[in-house]
Amino acid sequence: MVKSTSRKTLRKTLRALRNGLSDSQQQHASFAVRDSLLTLPEITYASSVACYLPNDGEVDLRPFMHACWGLNQASERHTSLPVLHPVCKGHLLFLRYTDKTPMRVNKYNIEEPILACPDVIPTFQHQVILMPLVGFDANGNRLGMGGGYYDRTLASIQTRTIEPKLIGIAHDCQQVDKLPVQSWDIPVNAIVTPTQQLSFNRT
Ligand SMILES: Nc1ncnc2c1ncn2[C@@H]1O[C@H](COP(=O)(O)OP(=O)(O)OP(=O)(O)O)[C@@H](O)[C@H]1O
Ligand SMILES: [Mg+2]
-12 MVKSTSRKTL RKTLRALRNG LSDSQQQHAS FAVRDSLLTL PEITYASSVA
38 CYLPNDGEVD LRPFMHACWG LNQASERHTS LPVLHPVCKG HLLFLRYTDK
88 TPMRVNKYNI EEPILACPDV IPTFQHQVIL MPLVGFDANG NRLGMGGGYY
138 DRTLASIQTR TIEPKLIGIA HDCQQVDKLP VQSWDIPVNA IVTPTQQLSF
188 NRT
């Protein structure tokens, strides 16, 4: 397991580790995470799940999204993707995503749905938000890519009584013994990797 050091060094080390995974390791991780997610009650009962498209060696959630779309209409589960907020800089919006959604490339070279107001699913209306991360620890702390996008977006809905369950998605090699945490970092409720399901009580 990677030892704790500065956030900058950790990001560099952990990003290199996940980018070093082979295509077959990535594919295996993607199917293992799909299968693991589909066993979680939070997912079974969710009607809206925020996902992401893979970037920089992240676990690919497309097989999971396909599984969500394959459900019959009675148990329909919407999937959404993050879009850089056009007005509220540094925040995210989540837009409904299907295999027919028109896409564009954002300033980070990541594909996102083209903004269309009827497709916006408010952040607090998701039952589950699956979050990419660079590093995690056994206490549910999360280190992202450093933009603060998820931290800001989730901070803005924290006063609501019903909040989405936050599930961090990672490769096993992204685990750190203890992450250096900042006051603004929002911890997750659970972590899913190809071999682990960790859950954390947040009261
Ligand atoms: N709620 C917030 N309000 C204002 N600024 C924030 C908030 N949360 C984070 N930030 C700012 O965002 C910057 C990046 O934060 P951090 O290093 O935690 O990003 P990250 O968690 O790696 O990224 P992300 O949330 O996109 O995954 C920090 O400089 C921090 O000041
Ligand atoms: Mg953070």
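Using the numbering used here, the first residue of the sequence shown is number -12, and each one after it goes up by one.
Beta carbons: idealized from backbone N, C-alpha and C, even for Gly.
Note that the structure is predicted; figures quoted are calculated from it, not measured.
Select from the options the residue whose C-alpha is nearest the C-alpha of residue i.
{"i": "A16", "options": "T180, S186 and I144", "result": "T180"}
{"i": "Q112", "options": "R83, Y136 and T88", "result": "R83"}
{"i": "T66", "options": "S9, E150, I101 and Q114", "result": "Q114"}
{"i": "L68", "options": "S(-9), T31, Y137 and P167", "result": "Y137"}
{"i": "S23", "options": "L48, K(-10), P41 and V107", "result": "L48"}
{"i": "G7", "options": "D172, H158, A33 and T31", "result": "H158"}
{"i": "W171", "options": "Q13, T88, S(-7) and S143", "result": "S143"}
{"i": "T182", "options": "A54, V168 and Q162", "result": "Q162"}
{"i": "Q145", "options": "Q169, L71, N96 and I173", "result": "I173"}
{"i": "R129", "options": "T(-8), K(-1), K165 and Y95", "result": "K165"}
I want to see whether chain D comes within less than 8 Å of residue i, judged by CB atoms only; does it?
{"i": "T66", "result": "Within the model displayed, chain D is absent; a lone protein chain is all it includes."}
In terms of DSSP beta bridges, what is residue i paired with?
{"i": "F81", "result": "P69"}
{"i": "I108", "result": "None, per the DSSP bridge assignment."}
{"i": "I178", "result": "G155 and L185"}
Tell me which same chain residues have a C-beta within less than 8 Å of the C-beta of residue i, skipping the five on either side of it?
{"i": "A177", "result": "L27, E29, G127, K152, L153, I154, G155, Q184, L185, S186 and F187"}
Among the residues of its own chain, which have a CB less than 7 Å from the CB of residue i, if the five just before and after it don't count?
{"i": "T140", "result": "H78, L79 and T110"}
{"i": "P73", "result": "L102"}
{"i": "P119", "result": "Y39, E45 and I156"}
Beta-carbon within less than 6 Å of residue i's beta-carbon, same chain only, minus the 5 sequence neighbours each way: which residues are those?
{"i": "L4", "result": "C160"}
{"i": "G44", "result": "R5 and N6"}
{"i": "G134", "result": "none"}
Output the boundary residues of the beta strand (DSSP E) element that contains residue i.
{"i": "I154", "result": "K152 to I156"}
{"i": "R91", "result": "M90 to V92"}
{"i": "P50", "result": "Here P50 belongs to no beta strand (DSSP E); instead the alpha helix (DSSP H) covers R49 to W56."}
{"i": "E99", "result": "E98 to P100"}
{"i": "A37", "result": "S35 to A37"}
{"i": "V163", "result": "No beta strand (DSSP E) contains V163, which DSSP labels as neither H nor E."}
{"i": "I116", "result": "V115 to P119"}
How is the alpha helix (DSSP H) around residue i delimited, first residue to last?
{"i": "Q12", "result": "D10 to L24"}
{"i": "A142", "result": "Y136 to A142"}
{"i": "I204", "result": "Any question about residue 204 goes unanswered here, given that the chain covers just -12 to 190."}
{"i": "L1", "result": "R(-6) to N6"}
Nearest-residue set for ligand 1, Cβ under 6 Å from any heavy atom: L130, G131, M132, G133, G134, G135, Y136, Y137, D138, R139, A142, Q169, W171 and D172
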